[in-house]
Every structure is written in structure tokens, then in C-alpha cells.
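Order-wise, the sequence lines are chains B and G.
Reminder that position 95 of the first sequence reads as 106 in the working numbering, one-by-one numbering, no gaps.
Reminder that position 37 of the second sequence reads as 41 in the working numbering, one-by-one numbering, no gaps.
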Amino acid sequence: MVTATVPAREAGLAPGFDLERVRADFPILSGEIRGRPLVYLDNAASTQKPRAVLAAIEGCYGEYYANVERGVHSLSQRSTAAREAARETVRCFMNAPSSEEIVFVRGVTEAINLVAQTFGRRRVGPGDEVLVTGLEHHSNIVPWLMLCEERGATLKAAPLDDRGEVRLDEFERLLTTRTRIVAVAHVSNSLGTVNPVKVMTAMAHRHGAAVLVDGAQGAPHLPIDVQALGCDFYAFSGHKVYGPSGIGALWGRGELLAEMPPWQGGGGMIRTVSFSEVTYAPPPHRFEAGTPFIEGAIGLGAALDYVTALGLPAIRAWEDELLALATERLAGIPGVRLVGTAPEKAAVLSFTLEGVHPHDLGTILDHEGIAIRAGHHCAQPVMERFGVPATARASFAFYNTAAEVEALAAGILRAKEIFG
Amino acid sequence: MSDLRDLYQEVILDHTRKPRNFGVPAAANRRAEGHNPLCGDRVTVFLEVADGRIRDIAFQGAGCAISTASASLMTEALKGLSVGEARDLFRGFHEMVTKGAPEGAQDLGKLAVFTGVREYPMRVKCATLAWHTLQAALDQQDRPVATE
Chain B
12 MVTATVPARE AGLAPGFDLE RVRADFPILS GEIRGRPLVY LDNAASTQKP RAVLAAIEGC
72 YGEYYANVER GVHSLSQRST AAREAARETV RCFMNAPSSE EIVFVRGVTE AINLVAQTFG
132 RRRVGPGDEV LVTGLEHHSN IVPWLMLCEE RGATLKAAPL DDRGEVRLDE FERLLTTRTR
192 IVAVAHVSNS LGTVNPVKVM TAMAHRHGAA VLVDGAQGAP HLPIDVQALG CDFYAFSGHK
252 VYGPSGIGAL WGRGELLAEM PPWQGGGGMI RTVSFSEVTY APPPHRFEAG TPFIEGAIGL
312 GAALDYVTAL GLPAIRAWED ELLALATERL AGIPGVRLVG TAPEKAAVLS FTLEGVHPHD
372 LGTILDHEGI AIRAGHHCAQ PVMERFGVPA TARASFAFYN TAAEVEALAA GILRAKEIFG
Chain G
5 MSDLRDLYQE VILDHTRKPR NFGVPAAANR RAEGHNPLCG DRVTVFLEVA DGRIRDIAFQ
65 GAGCAISTAS ASLMTEALKG LSVGEARDLF RGFHEMVTKG APEGAQDLGK LAVFTGVREY
125 PMRVKCATLA WHTLQAALDQ QDRPVATE
């Protein structure tokens, strides 16, 4: 017999997974701040870690830790195998063609600097151009600016419209025969805008430019398929996808990585060394000088396994519900101005409250146990574009609840009350 | 301390809503700019110093309630003081917002409303931005201030 009950999901109140059990997987979420239950809404800055990640790191240290790639002894082989298994997990997560195209890095910042300083130095010359967009994080601006200053090139930025979307007509207009590299965020960390990176990549390729996608905010919220996107480089940070901080991954197209010179020199990245000559290891090891963050890579692998098991579509669906609810609640509070209202958004909600500076709001919400970010979000050009010195930002993860969104709205009302 | 009202006292909220000595004094001869790159708060402090005494003081800028009120109350507290007295007051203020005022500490007058800041280490820089800027202005030589 078929019973016609409306699933809770359609009522907009529950995710497609057991939220209580998921929350129980994250030890920190049962903690208190100033005597109040923690409401963690600063996920765009960094996410909390499930027990699976803690266990993977403890397992590495407790059971099989040794240096990788260098030893013939059993522990070294086990550590190496575990780290390489994590590389394969990352490959799968990004749908990259080969795990030899996955370079472990500290995070997106290091990945972009690596590409700028190796690929960029060779590709960009005097009079050339690098194109970014108006919604980039400083980490996708500064390394390119440094490269352009060094090479006598020019950095250009495609402007945003009033909703916080990149103006594609302007983006295309800024692509010229001198554009060598295009670097765009998959998702804006300050506005939540999802960039149409597939379309932008196709445009850039028509002009002969290589494309790097900053996936720091993309990886936590969207399925990544580097082959479908068609880009040339894609980077993400482990700590923003429930993994350890200090580890991340850069995917690069195999033929591009093969022609790139090393970045840092040291152990692990060489084939032969004498005092007169060095030959280098092939990718990815060519770009991984020194003893790497072994347990970090293993923890990242565990984090990606966790979110994959939970299901990326279910994660996205629930985060979209939270974002829609939060947008509705906050838009209904007089004095709240939402900053970033693109139709395609991921779970980031930036706003200002009339008469209350974001830092004061952040302190008041902290008193209620609510963690948000207040400031310029390392995106000062975005703040300038929208004419605000700073914003408050609530950013959601799949472990957040509708009740936490209500707590945020109540906290904002409390701030209004204090500031009269 | 658990009550937010200890941080956001009425005096602070009043000075945030209506900052005193906001602008550029006509005879200013020293000026310094302060910037907190972490939060984007900016303040410019203008002084008219003559014979080792602060004849006039004002500020401009944009920031949170704590930094705006701190700049405003600072200008009120310093007008007419000698440069030495102003530096002493900063020392006392800094000690109060970082460590708390010890027994027998100097009387900070109205500035005592910032005593609650000590409970919020992330906000100490908000309370001291104007004062650090003042110190930079005091360290300068006298010269006419360009107001652009």
C-alpha cells in the first residue's frame, strides 16, 4: 500500500539525511560558548571536523606513522600507501583523469602561488594580461598582482553587477589576445555567488588563456568535475571541506604540470642530485618538496570519504534550504541589507545591519553562542564595490539546523535592541 | 562578566551615535592616521599642540561602536592636557583595557566605561586604535595639517 504522506524535506524542515546523527559525528557541535549551545555559522572561514577525520589522524600517528616515499621499512610503506590512497580519493572527488595530476599543497593560497610562480612566470611576459573577477578573495588577487609586477604584465578584473554576479559581457570584453591566464573563484567567499565557471572557461579558452579555478568555497558546496568544467587548474583547501587545516589539493592538466618547472627545491622532488646538476621528479612529486603533511593528507581523504558517503546532492539541497530560510528571515528584519543576492548562490549570507557595525554584531551574537564572521572577508574590492567597510557573514554547512537560523535572526533582533 | 551591557554601556552607545569633536580643527598642526587592517577600521586624529599642551583635538573615521566611542571620549578627555599628561593617560587606559585597573590606579574618569573591553581580547584593538593614532600624532613635529 502506498501512503500519501508529504516527506519532511518538502515541508522544508529536514534534510535528506539524519541530521541528529550527523551532528553527533562532530564532537565540537555539542559544545557551549559562554554557557550557550554553540551555533557555528562561520563555515566559509573553516569547517568543523567529524570523528572520522579525528580517527584517521589518530590512526596514522598511533598505528603506522613514518616518513613517506623514503623508507624500505614497513611503516614507511604503510604511510606512503595511506597518503597515496588519499591522493586517489582526491582524484575521485574532483573527477580528475589521473592521481598523478593531484598535487598536495597547504591550501588554495599555496596552490595559486605555485601556479603563478611556475606556470605563470613562463606563460606571462611584458605587456600580457591576467584576468580575475571583482569577487575574488585576496588569495586569488595578490599572487597574480605579484606576478604581473615581476613580469611587466597587467592584472584586470571583470566587474560585478548589483547582485554580485560577474558581468559576463564585461568578462568576455576583457579577454584579449594578451590574456594569458584567467583566475576565477568557483563560489565567492564574501557574496556566495556561484560563478558559471564552465562558460567562463570556454570563453577564456577561445582566447587562448589558461584557466585556474579557486575552489576554496566550491568544494564544500558543489560537486567538482574538472573534466566537465574544462578548466586547466582547480584548487581547494582541506579545512573548508571538514578536513585538517594546512592541507589542500591542486589539480593541474597533465601536460601543463609536465612542462612546469619546480617551485620549491628540496628532498622528495628530485630524480638525481650532484653539485653541478639536478634532475627533477615527474609531477606530482616535483611540486612536493620536503616531508609533506602526511597525516593531513590522510585526514583529508577521510573527510572527502565522509561527505561523499553523506551525498553531495543531499548536502547541497539542505544547505540551499538553510540559505533560503536565512535569507527570508533576515530580509524580514528592518535595517538588514543583504550584500550578494545573485540567483545562483551557495550557503553564504553577507549582510549589514543599519546602525550596528558588523564587529559589534559579531560580539553580541557571540554572547548568544553564535559564531559568525565580521569584516572584509579578505575581499576588500568586494566591500568597495558594495560601498560598505565590512559585512557580517553567516555561512552554513550541512550540519546546521533550521533552529540555528532562527537563533541567528533572534540574535540580530537583540543587537538592534541593545543599539536602540 | 557576562552582561553585554557592561561592554556596550550607555555612554559608549551615546558617543557612537553622536561622536564628539568629529571633524578637522581649523588650527590643527599635527595629524596621524590609524588603520586596523584586520577589521578595516580607520581613524584620523588631528591635534593643535602649542607650548607642550593640546589646545584642540578632533577625529574623523569609520569603525565599530567601541572604536568610534573610544576616539570620541579620548578627544573629550585630552583637550587642554599637556603632552606628558596625555601620554600618561594612554598608559593608564591601555593598562585598564588589557589587564584591568589595579588598586590605586589613576582615575580615568569617563574612560572607565571601557573597562568591560578587557573581557573581549579581540576588541582591545578597537578601543586602542584612536590612542595609538594619537601617539603617532604626538610623536610628530609641528606642521600645518593638510585637509585635502
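Glycine residues also receive a C-beta, built at the ideal position from the N, C-alpha and C atoms.
- For G:Gly-67, the residues of chain B that pass the 9 Å Cβ criterion are His-368, His-370 and Pro-400, in the order they occur in the chain.
- Less than 8 Å separates the beta-carbon of B:Val-359 from that of B:Leu-202.
- DSSP links B:Trp-262 through a beta bridge to B:Ile-113 and B:Tyr-245.
- Per the coordinates, the alpha-carbon of B:Ala-169 lies some 20 Å from the alpha-carbon of B:Ala-357.
- Note that the region 392-410 of chain B touches the region 40-51 of chain G; at least 3 beta-carbon pairs, one per stretch, sit closer than 8 Å.
- Nearest Cα to B:Gln-275 within the set B:Glu-99, B:Leu-267, B:Ala-300 and B:Met-157: B:Ala-300.
- Identification of chain B residues near G:Arg-127 by a Cβ-Cβ cut-off of 7 Å yields Thr-374, ordered along the chain.
- Residue pairing from DSSP places B:Val-195 in a beta bridge opposite B:Val-224.
- Residue range 85-105 is occupied by the alpha helix (DSSP H) that includes B:Arg-94.
- By DSSP's assignment, G:Asp-60 forms a beta bridge with G:Glu-52.
- Counting C-beta atoms within 10 angstroms of its own C-beta, B:Val-289 has fewer than 16 neighbours from the protein chains shown and is therefore classed as exposed.
- Following the DSSP letters along the chain, one finds B:Glu-31 inside the alpha helix (DSSP H) bounded by residues 30-35.
- By the criterion of a C-beta distance shorter than 8 Å, B:Leu-158 is surrounded in its chain by Ala-127, Gln-128, Gly-131, Arg-132, Val-135, Val-141 and Ala-164, once the five residues flanking it on both sides are discounted.
- For G:Gln-110, the number of other beta carbons within 10 angstroms of its own is below 16, and it is reported as exposed.
- B:Phe-430 has a beta carbon lying within less than 8 Å of a beta carbon in chain G.
- Beta-bridge partners assigned by DSSP to B:Leu-360: B:Ala-405.
- Of all residues in the region 14-34 of chain G, only Leu-17, Thr-20 and Arg-21 come within less than 9 Å of chain B when Cβ atoms are compared, listed by chain position.
- Of the residues B:Pro-293, B:Thr-302 and B:Pro-255, the one whose Cα lies closest to the Cα of B:Gly-278 is B:Thr-302.
- Burial check for B:Lys-251: the Cβ neighbour count within 10 Å reaches 16 or more, so the residue is buried.
- The beta carbons of G:Ile-61 and G:Leu-77 sit no closer together than 8 Å.
- Runs of the alpha helix (DSSP H) lying entirely within the region 320-394 of chain B and spanning at least 4 residues, in chain order: 323-342 and 369-378.
- B:Ser-287 sits exposed, since fewer than 16 C-beta atoms from the chains shown fall within 10 Å of its C-beta.
- Note on geometry: alpha-carbon atoms of G:Lys-103 and G:Tyr-124 lie some 11 Å from one another.
- If you check the CB distance, B:Tyr-245 and B:Ala-63 do not come in under 8 Å.
- For B:Ser-110 and B:Met-214, the gap between their C-alpha atoms comes out near 27 Å.
- Going by DSSP, B:Ile-281 is part of the beta strand (DSSP E) stretching over 281-284.
- DSSP, read as helix, strand or coil, puts B:Lys-167 in strand.
- The residue from B:Gly-263, B:His-232 and B:Leu-349 with its alpha-carbon nearest to that of B:Ala-325 is B:His-232.
- Residue contact check for B:His-378 against chain G: a CB pair falls below 8 Å.
- From the beta-carbon of B:Gly-386, the residues of chain G found nearer than 9 Å are Leu-42, Cys-43 and Gly-44.
- Between B:Asp-243 and B:Leu-261, the beta carbon gap of about 11 Å keeps them out of contact (Cβ cut-off 8 Å).
- Note on geometry: alpha-carbon atoms of B:Ala-97 and B:Pro-392 lie some 36 Å from one another.
- Just measuring C-alpha positions, the residue of B:Lys-167, B:Ala-196 and B:Glu-379 sitting nearest B:Leu-185 is B:Lys-167.
- Approximately 11 Å separates the beta-carbon atoms of B:Val-205 and B:Val-195; this is outside 8 Å, ruling out the contact.
- According to the DSSP secondary-structure assignment, G:Phe-26 is paired through a beta bridge with G:Phe-63.
- Per DSSP, reduced to three states, the secondary structure at B:Leu-202 is coil, with no helix or strand assignment.
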